[in-house]
Amino acid sequence: MAGWYHAQQQQHFYGAPSNYPPCCPPSSKRRKLEKTEELLYTTRLRRGPVTFRPYSDSLGNTSQALESRPERSRTRKSHLNLDCSPSILENGECSSSYRAERAPEELGTHVGHLFPEVLTLIFEYLDIQSKGRVARVCSRWRDAVYRKSVWRKVEARLHLNRPNTTLFPSLVKRGITRVQVLSLRKSLRELVNGIPNLESLNLSGCYNLSDSALDGAFNKDLPNIKRLNLSLCKEVNDNSLGRIATHCKNLEELDLGGCTKITNTGLLLVSWGLKNIKRLNLRSCRSISDHGLGHLSGLDSQPSESLLELGLQDCQKITDESLRHLSEGIPNLRKINLSFCVSVTDTGMKSLAKLGSLQSLNLRSCDNVSDIGIGFLAEGGNRPLTELDVSFCNNVSDASLKHVASGMSKLQSLSMTTCPVQNDGISRISKSLPGLRTLNVGQCISLTDVALESLSTHCHSLEKLDLYGCSKITSKGLESLKKCPKLANINLNL
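Heads up: the sequence shown is residues 2 to 495, going by the working numbering.
Printed below as a string of structure tokens:
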């Protein structure tokens with residue numbers, strides 16, 4: 002009777018004994034190991050848990066044990082994983098078919114198993130909207146996407162219309178140091194004080210930004226600010242520049258385009274205080290004259306020797322005298338924009354020719370520049386100039402292209418819209434400028450298919466071609482451009 006009762010108890014705990022072959026014990030916690038002499042050995046799966054299973058000489062027996070095991074014993078919670086799969090080899094390795102069948106999460110290859118550093122590298126390539134969505138997936142992704150390296154090159158675009166106590170701490174947490182203000186109705190001081198490591202501030206188009214608001218914001222040293230854009234801030238004046246020059250000593254880029262209240266005194270303050278300035282845009286600052294450029298070039302103070310790029314577009318009081326000051330005081334100048342400076346003549350080009358580092362020159366709509374001035378620029382040969390724009394210069398013709406071909410062999414971009422050039426001039430530069438990538442000859446009405454055939458034969462680096470308004474160009478000429486392997490953009494429309 003006692004033996005029968007003992008057998009019933011075993012059946013109650015373990016199920017029917019016939020269902021369990023002797024090679025595989027039925028339970029992880031309650032199995033009895035006192036009377037068994039089976040050898041247990043340990044295997045470790047790659048990136049998986051430690052697995053215990055009984056030793057067996059036959060893989061077929063283990064398969065039978067797996068198939069005959071009751072369902073409830075498979076799903077029983079345990080800290081041990083009894084795996085009798087035939088795909089687990091005796092040396093502890095997984096077969097390739099078994100690895101393919103297992104879920105990615107089980108093998109540790111799911112994206113959720115990536116290290117935070119790897120997630121951070123991935124999230125750096127996402128756009129702003131996607132980064133915000135990623136932060137809402139889970140806490141691990143949120144922590145990874147909030148790392149400062151993910152937001153290193155991001156510029157926050159803000160509407161500062163009402164108080165927001167969480168905005169600036171959130172930007173600081175992400176390490177965002179670039180801000181563009183789209184609209185401004187509250188104090189600029191809160192922004193400057195709220196982001197102490199601010200490096201770039203774009204206030205372009207904030208028409209209501211007053212001089213007093215700038216005085217309140219720039220009332221202490223801001224050594225981290227390197228880029229400041231005040232274009233179209235109509236109320237900015239020389240007093241504002243004085244504040245900036247005093248407290249933003251490390252400023253490298255300053256955009257004052259459209260600030261019509263800036264005068265020559267403002268340039269004196271820039272030259273005096275901003276010793277690290279590299280890019281200065283004075284577009285449409287029509288109160289600036291030769292005297293102001295003299296200040297910038299060190300006529301009355303230390304010259305801005307660090308200046309590399311200067312924008313003087315539409316500064317109509319600028320004459321050849323200004324170019325003489327620049328050539329003498331800022332010899333490292335690499336890029337200068339003189340478009341719509343109608344008082345600049347060929348004499349000014351002779352001064353610019355002294356700038357041995359000049360790489361980009363824009364003379365668009367400088368009506369008084371002619372073939373003689375282009376000849377001055379090309380003197381000496383092998384000029385470092387890579388970009389030249391003489392569009393709408395009606396006195397620039399094939400003679401200028403002859404100078405370009407002989408003295409500007411490094412030219413990569415040439416714009417001659419509406420210039421009275423002929424096929425011979427285009428053929429000459431196509432043979433002499435092997436690195437030419439961009440050519441704009443729109444509205445050059447004398448050009449024909451002959452010019453295009455010459456380009457297709459010699460300019461194998463050509464990528465962009467503007468032929469708008471060239472009425473003598475036919476489909477035959479366009480067909481010949483197939484020989485240009487890198488040509489990706491042909492413009493035939495306005």
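Note that CB positions come from ideal geometry on N, CA and C, so glycine has one too.
Inspect the beta-carbon positions of GLY206 and LEU233 and report whether they are closer than 8 Å. For the purposes of this step, residue 206 is taken as residue 205 along the sequence shown, with counting starting at 1. For the purposes of this step, residue 233 is taken as residue 232 along the sequence shown, with counting starting at 1. Yes; because the gap between Cβ atoms is below 8 Å, this pair is in contact.
Excluding the 5 residues flanking ARG143 on each side, which residues of the same chain have their C-beta closer than 6 Å to its C-beta? Mapped onto the sequence shown, residue 143 falls at position 142. If we look at ARG143 and ignore the five residues flanking it on each side, its Cβ neighbours are ALA136.
Pairwise C-alpha distance: TYR469 and LEU495: Translated into the one-based positions of the sequence shown, residue 495 becomes position 494. Translated into the one-based positions of the sequence shown, residue 469 becomes position 468. Each residue's alpha carbon lies about 6 Å from the other.
I'd like to know if the segment 454-468 and the segment 427-441 are in contact, where contact means that at least 3 CB-CB pairs between them fall below 8 Å. yes
Between which two residues does the alpha helix (DSSP H) containing ARG244 stretch? One-based indexing of the sequence shown puts residue 244 at position 243. From DSSP, the alpha helix (DSSP H) with ARG244 extends over 239-248.
Are LEU311 and ASN333 closer than 8 Å when you measure CB to CB? Translated into the one-based positions of the sequence shown, residue 311 becomes position 310. Translated into the one-based positions of the sequence shown, residue 333 becomes position 332. Result no, Cβ atoms of LEU311 and ASN333 do not sit closer than 8 Å.
Cα-Cα separation between ASN338 and LEU364, rounded to whole angstroms: Locating residue 338 in the sequence shown gives position 337, where the first residue counts as 1. Locating residue 364 in the sequence shown gives position 363, where the first residue counts as 1. Computed Cα separation, rounded: 7 Å.
Can you tell which of LEU412, LEU466, SER476, LEU493 has its C-alpha closest to the C-alpha of CYS485? For the purposes of this step, residue 485 is identified with residue 484 of the sequence shown, where counting begins at 1. When only C-alpha atoms are compared, the closest one is LEU466.
Check ARG137 in the structure and name its three-state DSSP category. Here residue 137 refers to the residue found at position 136 when the sequence shown is read from its first residue. The answer is coil: DSSP assigns ARG137 none of H, G, I, E or B.
Ordered along the chain, which non-local residues of its own chain (more than five positions away) have a Cβ less than 6 Å from that of GLY349? Residue numbering aside, residue 349 sits at position 348 when the sequence shown is read from its first letter. Around GLY349: ASP321, LEU324.
If we count the other Cβ atoms within 10 Å of its Cβ and call it buried at 16 or more, is GLU118 buried or exposed? Counted from its first residue, the sequence shown places residue 118 at position 117. It is exposed - the Cβ of GLU118 has fewer than 16 other Cβ atoms within 10 Å.
Quick one: what's got a C-beta closer than 8 Å to GLY443's C-beta in the same chain, skipping five residues either side? Working through the sequence shown from its first residue, we reach residue 443 at position 442. THR418, THR419, ASP467, LEU468, TYR469, GLY470, CYS471, ASN492, listed in sequence order.
According to the Cβ coordinates, are LEU362 and LEU386 closer than 8 Å? As a position in the sequence shown, residue 362 is number 361, starting the count at 1. As a position in the sequence shown, residue 386 is number 385, starting the count at 1. A contact, by the Cβ cut-off of 8 Å.
Hey, how far is the Cα of ASN165 from the Cα of GLU380? Here residue 165 refers to the residue found at position 164 of the sequence shown. Here residue 380 refers to the residue found at position 379 of the sequence shown. The alpha-carbon atoms of ASN165 and GLU380 are separated by roughly 60 Å.
SER447 versus ASN424 - alpha carbon distance: Residue numbering aside, residue 447 sits at position 446 when the sequence shown is read from its first letter. Residue numbering aside, residue 424 sits at position 423 when the sequence shown is read from its first letter. Those two C-alpha atoms are separated by around 7 Å.
Where does GLN130 fall in DSSP's three states? As a position in the sequence shown, residue 130 is number 129, starting the count at 1. Correct three-state label for GLN130: helix.
Can you find the residues in the same chain that come closer than 7 Å, C-beta to C-beta, to ARG148, ignoring five residues on each side of it along the sequence? Working through the sequence shown from its first residue, we reach residue 148 at position 147. Correct list, in chain order: THR121.
Below 7 Å CB to CB, which residues in the same chain sit around SER298 once its five sequence neighbours on both sides are set aside? Working through the sequence shown from its first residue, we reach residue 298 at position 297. Cβ neighbours of SER298 beyond the five flanking positions: PRO304, HIS326, LEU327, GLU329, GLY330, ILE331.
Cβ of LEU183 within 8 Å of Cβ of LEU159? For the purposes of this step, residue 183 is identified with residue 182 of the sequence shown, where counting begins at 1. For the purposes of this step, residue 159 is identified with residue 158 of the sequence shown, where counting begins at 1. Closer than 8 Å, so yes.
Would DSSP call ASP315 helix, strand or coil? Locating residue 315 in the sequence shown gives position 314, counting from the first residue. In the structure shown, ASP315 sits in coil (DSSP, three-state: anything other than H, G, I, E or B).
ILE430 and THR449: beta carbons closer than 8 Å? Stepping through the sequence shown from its first residue, residue 430 is reached at position 429. Stepping through the sequence shown from its first residue, residue 449 is reached at position 448. Cβ distance not < 8 Å, so ILE430 and THR449 don't count as in contact.
What is the rounded straight-line gap between the Cα of SER428 and the Cα of LYS154? Along the sequence shown, one-based indexing puts residue 428 at 427. Along the sequence shown, one-based indexing puts residue 154 at 153. Spanning the two alpha carbons is a distance of roughly 44 Å.
Residues near GLU388 in its chain [Cβ-Cβ closer than 6 Å; skip 5 each side]: Here residue 388 is taken as the residue at index 387 of the sequence shown, counted from 1. SER361, SER414.
Alpha carbon to alpha carbon, what distance is there between VAL237 and TYR208? As a working mapping, residue 208 is identified with position 207 in the sequence shown. As a working mapping, residue 237 is identified with position 236 in the sequence shown. The straight-line gap from Cα to Cα measures roughly 10 Å.
Assumed close pair ARG1, TRP152 - CB separation to whole angstroms, cut-off 8 Å: In the structure as shown, the chain begins at 2 and stops at 495. Residue 1 is therefore absent and cannot be evaluated.
Nearest-angstrom Cα separation, counted from ARG228 out to VAL180: To locate residue 180, count along the sequence shown from 1; it is residue 179. To locate residue 228, count along the sequence shown from 1; it is residue 227. Going by the C-alpha atoms only, they are around 10 Å apart.
With a 10 Å radius around its C-beta and 16 neighbouring C-beta atoms as the bar for buried, classify GLU480 as buried or exposed. Reading the sequence shown from its first residue, position 479 is the one you call residue 480. GLU480 comes out exposed.
Between the Cα of ASN257 and the Cα atoms of LEU300, GLY217, LEU204, LEU185, which residue gives the shortest distance? Position 256 of the sequence shown, counting from 1, holds the residue named residue 257. Reading off the sequence shown, one finds Leu at residue 257, where the question assumed Asn. The option with the nearest alpha carbon to LEU257 is LEU204.
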